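Residue numbers (the UniProt record's numbering), protein chains in the order written: chain A, 1 to 381; chain B, 1 to 381; chain C, 1 to 381; chain D, 1 to 381. So the structure is just underneath, and the comments pick up after that.
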């Protein structure tokens with residue numbers, strides 16, 4: 001596939017994910033960590049306009065001067081921006097204008113791709129991978145918006161992600177020794193994966209399957225949410241302050257557990273792989289099982305030996321730089337490095353990760369309490 | 001005008017106010033005290049469905065069972081409701097469905113009006129006056145939504161409300177004595193105006209004009225916002241904690257004062273009547289002028305002697321029951337009485353008040369810090 | 001009694017109230033609205049030093065320059081001050097130094113009183129009345145500090161304030177007409193009582209007794225705290241957000257109601273007069289009884305016709321200026337006027353009010369949710 | 001030294017640290033993370049009573065039943081406890097009673113030590129190390145209490161900790177390879193140091209000196225606190241929200257930097273080793289220097305090659321379990337393991353660490369924003 005085709009395909013996929021939305025669905029921001037779908041559509045476009053067209057296409061004229069202010073996410077280098085929590089209050093430009101913005105930028109990108117495809121390959125790849133990351137956020141944000149509506153609207157009744165099951169059982173055992181960690185080879189990767197290096201791992205075993213709803217229900221019925229002894233101290237505060245009693249999107253209706261899925265509200269499927277849990281819940285579950293979560297290094301070393309890709313898997317590693325990590329200069333340097341404190345690494349990929357956007361060295365990261373992504377649990381011992 | 005014509009006219013006016021809105025504009029709730037336009041359209045309809053059709057039209061079938069949950073505002077008697085702060089996150093039902101809801105209820109109201117117009121007159125009048133109150137909130141909420149957008153969209157360039165000027169000057173003097181206060185006579189009035197009663201007023205003078213932007217600019221340039229001595233203690237806290245330096249919607253751009261109006265961002269007109277100020281600001285301005293705000297009783301006693309109706313006028317009266325105030329039984333009793341603490345009375349009417357919805361005994365009320373309504377200042381001494 | 005004797009007597013009484021305290025008891029500030037006993041002792045002294053000695057005693061030397069910063073309460077005119085919420089963290093100067101400060105100021109006040117007793121009479125009277133107000137706050141703050149200690153220490157086992165009972169029953173009726181309100185005559189009074197003026201009152205009846213614990217228990221057992229219909233809207237929010245289920249200091253232990261008194265934890269006495277309730281609770285109780293609270297004007301007009309003085313009595317009047325209220329110039333003007341918004345008036349006096357500090361025109365005021373004073377309920381209809 | 005002598009010596013040292021305190025100084029809790037000195041004295045005693053005497057001394061009678069509730073810190077296993085933020089409001093038991101409590105427990109501990117010194121050695125060592133940890137917190141909490149008093153009291157004018165200087169300069173270089181990490185050998189250690197294991201380290205250099213005030217002043221004068229590019233994202237939020245402009249206890253007075261020390265307010269000594277900075281500040285300083293902080297593994301591997309012990313040194317390692325970490329059963333298991341999320345490791349020891357309480361495998365940990373400990377910066381590259 002040419003870069004130009006790849007560009008078109010990925011950009012179209014973002015829009016495709018919005019097919020089922022009403023105009024109203026594009027607007028709200030029900031929580032600080034969620035962004036309106038309209039904002040995702042515009043911000044990914046802004047990324048190409050700001051970092052690619054504006055710098056590299058001769059005589060390029062911005063679609064609208066205000067947009068660089070409205071759709072900047074967190075790049076301090078690029079100037080002022082709308083406060084994150086106010087994204088849901090900006091009704092204009094509207095959805096229609098945002099789609100026009102996309103068309104305008106896409107048209108100019110096609111021109112640029114004819115001119116400088118080779119020279120700008122890396123930068124454009126970064127933009128495309130950035131867009132793919134937002135595709136996953138887009139779908140999880142849509143789920144959050146619809147899933148917090150008391151009438152539980154259906155997004156797409158043909159999606160069965162929440163019902164996916166394991167294909168394997170048992171544990172894989174790895175021997176003590178030196179392992180190589182980090183990205184190497186051809187193809188795109190993020191700066192936080194770079195600096196391939198050696199780590200020393202001790203003997204460990206890691207599960208070939210992810211924890212299921214049935215297993216988690218057993219944790220709950222064994223008092224998992226009421227026994228402080230399973231929990232990290234800050235996890236226990238999170239449970240008690242927020243009155244957490246089950247994974248996100250679970251609802252007990254007339255005594256029976258249901259969960260909200262992208263296909264609507266459904267009875268909980270016990271065989272399906274658990275999802276939408278926080279690191280705190282993952283760690284508590286593991287403690288209850290008298291096991292633990294793997295480190296991100298154990299996970300990567302063992303990843304060829306089990307199936308992965310249905311849920312982002314919480315590891316017991318904090319998100320920190322690899323040895324010799326170098327923050328790039330300028331705005332692109334704000335992409336990853338500045339988030340390297342107080343977050344935990346997730347490995348693998350999920351049902352909502354776009355095709356070809358997964359690799360075993362990928363380092364995803366979220367705060368320990370966050371659970372609106374399709375997160376799950378793989379145990380180690 | 002028949003009640004049926006009056007019903008149609010008022011209901012249409014609400015929709016007319018939304019003509020200039022995009023679908024996206026109907027959705028957000030940028031502050032707890034603001035409601036989405038979509039919500040106003042639905043809630044006023046819900047009022048007729050819940051309190052009129054459901055109780056009085058034989059065999060009436062609710063448009064949608066979920067709506068009574070979604071569009072209840074604060075009536076505890078009518079059951080659970082969406083948390084006030086979450087109104088902006090409910091994208092479905094959409095704008096189109098809300099208009100269908102209005103049509104459905106209007107059609108059934110017309111049937112009912114043929115059957116029981118006389119019997120239900122008072123209740124329907126309450127619903128219409130309720131809708132008129134929401135018309136004013138609708139327009140001020142729209143101004144808040146658009147006015148907090150950094151690109152300052154125009155709502156209607158033909159509206160000149162913020163430019164209105166005084167027609168009179170000087171003071172009116174009233175003599176000490178007993179005055180009668182409260183509603184009396186034909187026509188609609190709210191329960192909080194009832195119980196006409198005597199009050200004893202001492203000599204006072206009240207201005208025939210409202211404070212202008214020019215006068216308020218003088219207050220600002222005399223250090224009005226930096227000298228604690230003019231302010232009530234809680235007003236001074238409000239100023240310092242929120243870094244208040246000017247009325248709402250005022251912006252200093254390149255050294256010159258502008259204000260956001262429904263016609264867009266404009267240079268401040270010094271002759272225009274000041275608006276969008278809090279009670280705290282009104283009281284501080286009066287202190288600086290070595291005058292005071294009138295009580296609501298002084299205001300009502302003098303109201304025939306000056307023009308009013310361009311701005312809601314802060315009085316120095318707390319919102320409290322009149323002697324012999326009776327809270328009606330049931331849900332209708334929640335309309336006014338339960339708010340009678342910690343709010344201040346505003347008298348008169350504003351440029352945003354619907355036609356025929358004003359009378360001199362009308363008691364409007366807001367918290368001392370609220371200023372997104374078209375509020376102004378009339379001085380007394 | 002000479003002014004000098006009166007000065008000594010009141011100053012000694014403040015110290016007498018602290019006899020039962022340990023050094024540690026003088027220090028903490030368990031809530032923003034509470035002040036440490038040490039602070040009360042110093043602040044009342046600061047008032048005499050700042051407003052009397054410093055201005056009027058030739059060659060007076062401040063006890064310590066830092067004290068004017070440390071012990072200013074809310075007088076913006078007198079310069080910077082310690083944030084109210086930090087008063088409990090200032091361990092030095094210690095209790096001993098504060099008593100030395102008192103002695104030093106008292107000694108110089110005696111000198112001044114020999115010189116200028118007549119000339120400074122009004123200012124010194126203000127200082128003494130200020131000190132008496134703090135005596136009441138001192139005792140209620142001590143109760144709050146000890147009453148929030150899980151081991152419930154005894155302050156003075158001989159105090160029986162919480163057990164006081166009514167001496168009268170029935171209602172007094174007053175006729176419609178003009179009544180004179182406000183202070184008149186000899187002796188001290190605060191500026192907020194001044195401006196004697198006429199008010200027109202309609203017929204009303206007012207109870208000769210205060211509500212008892214037994215009556216309030218009936219309200220509770222009738223679902224008083226769970227039925228929103230009795231409550232003002234902000235009162236209902238206060239109840240639900242703070243999980244209020246009983247008056248302050250009430251504890252249900254093994255199924256039986258106890259209350260913490262200055263004499264320690266005791267079984268609740270049903271015949272005793274209810275105390276430590278908020279305005280919200282007073283208003284809800286009155287609504288449940290199908291009566292109401294009196295206005296402060298009704299209260300004053302009727303006050304000669306019933307016993308009062310055991311509890312501060314919530315009225316349904318907001319704290320607002322009387323006609324012709326004039327705020328004094330300078331720091332003294334900050335005493336009362338700047339608090340005239342968002343608070344409710346209480347009339348009468350309480351068991352904790354110092355002797356000779358009560359009069360029927362006295363206007364006490366607190367926010368609607370505050371209840372650590374000895375507040376009670378008198379009903380009207 | 002016998003265990004009995006060691007017990008006495010450590011217990012006396014705690015009391016010795018309080019010699020300079022007034023009774024009032026023992027009471028307050030000016031921030032949630034600070035505990036009153038009185039509480040430290042009692043809590044360390046409670047530890048011996050609860051975990052040693054109560055379980056192991058036949059017929060031991062608790063000093064006071066309430067104390068186990070009042071002086072539990074965070075052990076959920078031991079039942080209810082006073083909310084952490086309320087510790088400063090508990091005036092009784094007083095300081096004198098707390099010293100009696102210490103004597104009572106010490107006396108019984110001496111009896112027990114005669115009986116079962118060998119059998120209980122490990123548990124008593126844990127209690128003594130626990131007490132030593134609180135000695136450091138005691139001194140830093142005292143500094144916080146006095147240092148937030150606007151009159152800046154002196155604790156001990158002979159202490160010169162804040163003036164300590166480096167004794168070495170330059171960098172040490174270590175070669176790539178496998179290193180052994182974790183505690184091994186005789187003597188006490190905490191569970192979080194256990195599980196000696198191999199780590200693979202790449203080449204690195206680490207400074208032999210700690211960052212000085214002069215170097216940090218250069219960072220400040222180079223715009224260190226105003227250039228987002230040096231900061232982690234959450235660090236930048238911390239700086240802007242809290243208006244941080246300098247290390248804790250630094251005050252610019254008449255244009256000159258001073259710092260509050262245990263010896264009182266002093267002019268800043270440029271040659272002294274920097275202290276009281278957060279992890280965010282340490283990381284920003286390192287970024288400005290184009291270096292980085294060492295990991296805790298690098299630190300431990302290199303520790304024999306430089307002097308340490310004057311400041312706790314922030315590492316770029318999150319506080320996480322070592323391979324094969326086992327949480328002990330029961331209350332003792334709450335000591336360390338449950339805090340292993342969202343905190344950063346500090347290595348070394350500080351001027352406030354008690355003698356013999358330091359070792360190179362010791363893992364201290366705090367949140368990234370905390371800076372009231374004697375923290376400093378050692379750079380790596």
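Cβ coordinates follow ideal geometry from the N, Cα and C atoms, glycine included. Bear in mind the structure is a predicted one, so any value in this text is a computation, not a measurement.
Three-state class that DSSP yields for residue i in the structure shown
| i | result |
| --- | --- |
| residue 73 (chain C) | coil |
| residue 235 (chain A) | helix |
| residue 10 (chain A) | helix |
| residue 117 (chain D) | coil |
| residue 372 (chain C) | coil |
| residue 44 (chain B) | helix |
| residue 216 (chain B) | helix |
C-beta contact flag for residue i and residue j at 8 angstroms
| i | j | result |
| --- | --- | --- |
| residue 162 (chain A) | residue 275 (chain A) | yes |
| residue 7 (chain A) | residue 201 (chain A) | no |
| residue 156 (chain C) | residue 37 (chain C) | no |
| residue 151 (chain A) | residue 66 (chain B) | yes |
| residue 349 (chain A) | residue 362 (chain A) | yes |
| residue 180 (chain B) | residue 203 (chain B) | no |
| residue 168 (chain D) | residue 209 (chain D) | yes |
| residue 146 (chain C) | residue 40 (chain C) | no |
| residue 136 (chain B) | residue 368 (chain B) | no |
| residue 94 (chain B) | residue 22 (chain A) | yes |
| residue 58 (chain C) | residue 148 (chain C) | no |
| residue 366 (chain A) | residue 373 (chain A) | yes |
Own chain partners of residue i with C-beta closer than 6 angstroms, once the 5 adjacent residues on each side are dropped
| i | result |
| --- | --- |
| residue 117 (chain A) | 3 |
| residue 207 (chain B) | 171, 378 and 379 |
| residue 321 (chain B) | 340 |
Spatial neighbours of residue i in its chain, beta-carbon cut-off 7 angstroms, leaving aside the 5 residues before and after
| i | result |
| --- | --- |
| residue 314 (chain B) | 279, 282, 293, 344, 346, 375 and 377 |
| residue 193 (chain B) | 182, 183, 361, 362 and 363 |
| residue 266 (chain B) | 258 and 259 |
| residue 269 (chain D) | 163 and 213 |
| residue 27 (chain B) | 36, 38, 88 and 91 |
Nearest-angstrom beta carbon gap, residue j and residue i [assumed within contact, 8 angstroms]
| i | j | result |
| --- | --- | --- |
| residue 171 (chain A) | residue 205 (chain A) | 4 angstroms |
| residue 62 (chain D) | residue 49 (chain D) | 7 angstroms |
| residue 323 (chain A) | residue 197 (chain A) | 5 angstroms |
| residue 325 (chain A) | residue 185 (chain A) | Incorrect: roughly 18 angstroms between the Cβ atoms, too far for contact. |
Extract the residue ranges of the alpha helix (DSSP H) inside the stretch 258 to 339 of chain C, only unbroken runs of 4 or more that lie entirely within it. Counting whole runs of 4 or more residues, the stretch 258 to 339 of chain C contains the alpha helix (DSSP H) stretches 279 to 288 and 296 to 302.
What are the uninterrupted segments assigned as beta strand (DSSP E) that are 3 or more residues long and contained completely in the stretch 111 to 190 of chain D, given in chain order? Runs of beta strand (DSSP E) with 3 or more residues, each lying fully within the stretch 111 to 190 of chain D, are found at 171 to 174 and 177 to 181, listed in chain order.
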